[in-house]
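In the UniProt record's numbering, the protein residues as written are 1 to 369.
Positions of the beta carbon are idealized from the N, C-alpha and C atoms, including for glycine.
In this text the structure is predicted, and so the values were computed from the model without any measurement.
Following: one structure in structure tokens, then a few remarks.
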């Protein structure tokens with residue numbers, strides 16, 4: 001009876017929290033993202049300086065603050081330290097005037113919310129997964145990319161969702177985490193928390209208009225969270241379709257990539273680079289009749305970063321890399337194989353990978369967010 005009582009109380013807490021998220025999420029309508037629309041119009045108001053906040057930014061910051069307030073309220077007496085964080089966050093919100101401060105606010109609030117997830121789920125992996133899945137789905141619904149090429153809308157965060165690969169297999173972090181919970185993996189709670197954190201950094205990074213080849217505000221937070229400040233790390237931003245290479249916390253190089261297509265996204269997470277292969281032939285897992293099929297293709301360089309054939313490899317059929325190339329488009333090289341994202345691998349310009357490959361060892365970490 002006691003266990004049944006606690007399960008019922010936990011379910012009610014999760015339900016209340018999810019309802020709170022729904023209310024917060026519905027406060028302001030979301031607009032689809034396009035290549036042309038990276039900023040919000042200020043209408044007939046006086047033009048803002050490049051560093052000033054827009055009204056939309058202020059509203060987004062308010063919703064983030066409300067999420068933190070709702071989470072701490074649900075924790076009650078268990079939220080002593082979190083209440084101190086809330087006071088700091090409220091003070092920070094009250095003085096938001098610049099885009100730099102706004103970005104830092106998003107990063108800090110996302111980090112605080114990450115730290116509350118285990119307590120909100122009362123250390124229950126299934127409940128924690130439910131919170132995670134609801135939140136990332138809600139964010140994805142509110143932040144879709146409108147593709148002018150085919151007129152469809154796509155999730156910007158499909159790597160964090162559960163996606164049907166149209167081949168009998170589910171892709172994305174949602175499917176992977178669900179499998180871990182079902183198998184009672186001992187580290188399931190930590191994996192869910194880490195993935196929540198990565199998504200929080202994705203949310204913050206979407207707000208950052210810094211060029212891809214310069215350090216981003218979230219990068220240092222990512223390195224700190226995973227204790228990688230003294231490592232050789234490739235930080236891959238899924239929304240930018242860009243890699244920034246850090247060594248001991250200093251940016252060494254940046255380049256554009258193309259990751260998995262919408263329904264077969266590249267998984268987020270922390271990986272260690274593995275076996276190097278040269279002049280290997282890639283074979284499609286799909287039948288020739290499938291739109292996802294590709295003919296056997298030779299690539300000069302390939303480095304495994306995860307099981308099940310996930311590679312970082314050169315892609316000679318592709319000319320265009322970078323933002324939104326993971327969605328349907330027309331590659332300027334003219335090869336139809338380059339008109340969509342990969343099947344989950346990380347596509348790199350051949351010349352770039354040929355130059356980098358000798359420096360990428362088994363000690364090199366790959367952080368995808």
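DSSP state of residue i mapped onto helix, strand, coil
i, result
"residue 352", "helix"
"residue 322", "coil"
"residue 338", "helix"
"residue 238", "coil"
"residue 277", "strand"
"residue 264", "coil"
"residue 96", "coil"
"residue 385", "Missing from the structure shown is residue 385; the chain here goes from 1 to 369 and no further."
"residue 151", "coil"
"residue 55", "helix"
"residue 163", "strand"
"residue 170", "strand"
"residue 5", "Summary for residue 5: the model assigns pLDDT 34, below 50, so the residue's position carries little reliability, and this model does not support an answer."
"residue 156", "coil"
"residue 86", "helix"
"residue 129", "helix"
Limits of the beta strand (DSSP E) - the one that residue i falls within
i, result
"residue 304", "297 to 306"
"residue 218", "No beta strand (DSSP E) holds residue 218; the alpha helix (DSSP H) holding it covers 217 to 225."
"residue 242", "242 to 247"
"residue 252", "250 to 256"
"residue 230", "Where residue 230 is concerned, there is no enclosing beta strand (DSSP E), given that its DSSP letter is neither H nor E."
"residue 314", "310 to 314"
"residue 367", "365 to 368"
"residue 178", "Segment 173 to 182 is the alpha helix (DSSP H) holding residue 178; no beta strand (DSSP E) there."
"residue 270", "269 to 272"
8 Å contact criterion, which residue i and residue j should meet: CB distance rounded
i, j, result
"residue 281", "residue 297", "7 Å"
"residue 117", "residue 131", "7 Å"
"residue 300", "residue 354", "7 Å"
"residue 326", "residue 241", "6 Å"
"residue 203", "residue 139", "7 Å"
"residue 357", "residue 263", "Their Cβ separation, rounded to whole angstroms, is 29 Å, which puts residue 357 and residue 263 out of contact at 8 Å."
"residue 171", "residue 268", "Not a contact, Cβ separation roughly 12 Å."
The alpha helix (DSSP H) enclosing residue i, as first and last residue numbers
i, result
"residue 102", "99 to 120"
"residue 143", "That residue, residue 143, is in no alpha helix (DSSP H); it is neither H nor E in DSSP."
"residue 197", "188 to 206"
Other residues of its chain near residue i: CB distance less than 7 Å, five sequence neighbours each side excluded
i, result
"residue 199", "136, 157, 160"
"residue 284", "293, 294"
"residue 225", "197"
Beta-carbon contacts of residue i that lie in its chain and below 6 Å, excluding the five residues immediately before and after
i, result
"residue 340", "261, 328"
"residue 319", "331, 332, 333"
"residue 352", "255"
"residue 143", "156"
"residue 274", "304"
Nonlocal neighbours in the same chain, by C-beta distance under 8 Å from residue i, ignoring five residues either side
i, result
"residue 93", "61, 62, 65, 105"
"residue 324", "35, 145, 147, 241"
"residue 24", "Residue placement at residue 24 is poorly supported in this model, since its pLDDT is 45, which falls under 50; the coordinates still yield a value, given next. These residues qualify, in order along the chain: 63, 66, 67, 70."
"residue 167", "285, 286, 290, 292"
Residue i beta carbon near the ligand HEM (any heavy atom closer than 8 Å)
i, result
"residue 301", "This structure lacks the ligand HEM; in fact it carries no ligand of any kind."
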